[in-house]
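Protein chains in written order, with my numbering: chain P, 1 to 79; chain V, 80 to 158. Glycine residues also receive a C-beta, built at the ideal position from the N, C-alpha and C atoms. Okay, structure first, notes after.
Protein chains: 2
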Amino acid sequence: MKFSVTVTLKKDVLDPQGKVVQNTLNSLGMKNLKSIRQGKFFEIDIDEDNQEKAEKLVKEMCEKLLANLIIENYKIIKL
Amino acid sequence: MKFSVTVTLKKDVLDPQGKVVQNTLNSLGMKNLKSIRQGKFFEIDIDEDNQEKAEKLVKEMCEKLLANLIIENYKIIKL
């Protein structure tokens with residue numbers, strides 16, 4: 001069972017990496033860019049047929065390792 | 080107009096970062112994990128009301144800066 005997970009910085013947390021990308025895009029001439037924020041993306045393949053159990057496992061992975069819950073949010077999507 | 084962009088390594092490209100995450104999750108006791116691959120995620124806000132134009136702009140950003148088309152694929156989703 002496959003899931004995608006996106007981990008993004010919370011709204012009020014500064015995103016220096018995204019800022020650099022934004023400045024670079026601006027200097028490439030993209031004037032219409034309002035904002036860009038960068039996050040992490042994971043594609044997870046779980047060996048578990050029960051969707052509920054699999055989702056619980058992915059949630060546990062996010063909370064134990066993939067996301068820092070103090071500054072980041074995560075979103076799990078079943079593929 | 081908001082878009083999300085995910086940039087992932089192509090199928091046959093090695094993903095050492097994902098491998099480390101996989102090993103770490105295994106050593107945390109997650110035995111059901113088949114595979115995990117890591118990518119990049121961007122949330123882009125464009126100052127453009129015409130959806131077609133905005134999408135073209137995001138595509139240009141991906142190809143000029145965000146993704147390395149030799150080893151990476153990108154996917155644009157309108158939010």
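Excluding sequence positions up to five away, which residues of its chain have a Cβ less than 6 Å from the Cβ of residue i?
i	result
residue 87 of chain V	118, 152
residue 75 of chain P	6
residue 130 of chain V	none
Give me the chain V residues within the contact set of residue i, using Cβ-Cβ distance strictly less than 9 Å, ordered along the chain.
i	result
residue 32 of chain P	125, 126, 127, 132, 133, 136
Under 7 Å between beta-carbons, which chain P residues line up against residue i? List them in chain order, please.
i	result
residue 106 of chain V	Those within 7 Å of residue 106 of chain V in chain P number zero; the least Cβ separation is about 10 Å.
Find the residues of chain V that neighbour residue i, judging by a C-beta separation of less than 8 Å, and give them in chain order.
i	result
residue 21 of chain P	121, 144, 145
residue 76 of chain P	Within 8 Å Cβ-Cβ: nothing; residue 76 of chain P doesn't reach chain V, min ~13 Å.
residue 71 of chain P	None at all; the shortest Cβ gap to chain V is about 15 Å.
How many angstroms separate the CA atom of residue i from the CA atom of residue j?
i	j	result
residue 4 of chain P	residue 14 of chain P	24 Å
residue 146 of chain V	residue 37 of chain P	15 Å
residue 41 of chain P	residue 57 of chain P	17 Å
residue 77 of chain P	residue 2 of chain P	9 Å
residue 113 of chain V	residue 96 of chain V	16 Å
residue 49 of chain P	residue 12 of chain P	38 Å
residue 19 of chain P	residue 126 of chain V	17 Å
residue 71 of chain P	residue 64 of chain P	14 Å
residue 55 of chain P	residue 122 of chain V	24 Å
residue 110 of chain V	residue 53 of chain P	13 Å
Starting from residue i, trace the alpha helix (DSSP H) both ways and give me its first and last residue.
i	result
residue 55 of chain P	51–61
residue 18 of chain P	16–27
Rounded to the nearest angstrom, how far is the Cβ of residue i from that of residue j, given a contact under 8 Å?
i	j	result
residue 159 of chain V	residue 25 of chain P	Examination of residue 159 of chain V is not possible in this model, given that chain V is present from 80 through 158 alone.
Looking only at its chain, what residues have a beta carbon closer than 7 Å to the beta carbon of residue i, apart from the 5 residues adjacent to it on each side?
i	result
residue 21 of chain P	36, 38
residue 79 of chain P	2, 3, 4
residue 59 of chain P	76
residue 45 of chain P	2
Could you give the residue range of the beta strand (DSSP E) that holds residue i?
i	result
residue 158 of chain V	Careful: residue 158 of chain V lies outside any beta strand (DSSP E) and carries neither H nor E.
Among the residues of its own chain, which have a CB less than 8 Å from the CB of residue i, if the five just before and after it don't count?
i	result
residue 89 of chain V	150, 151, 152
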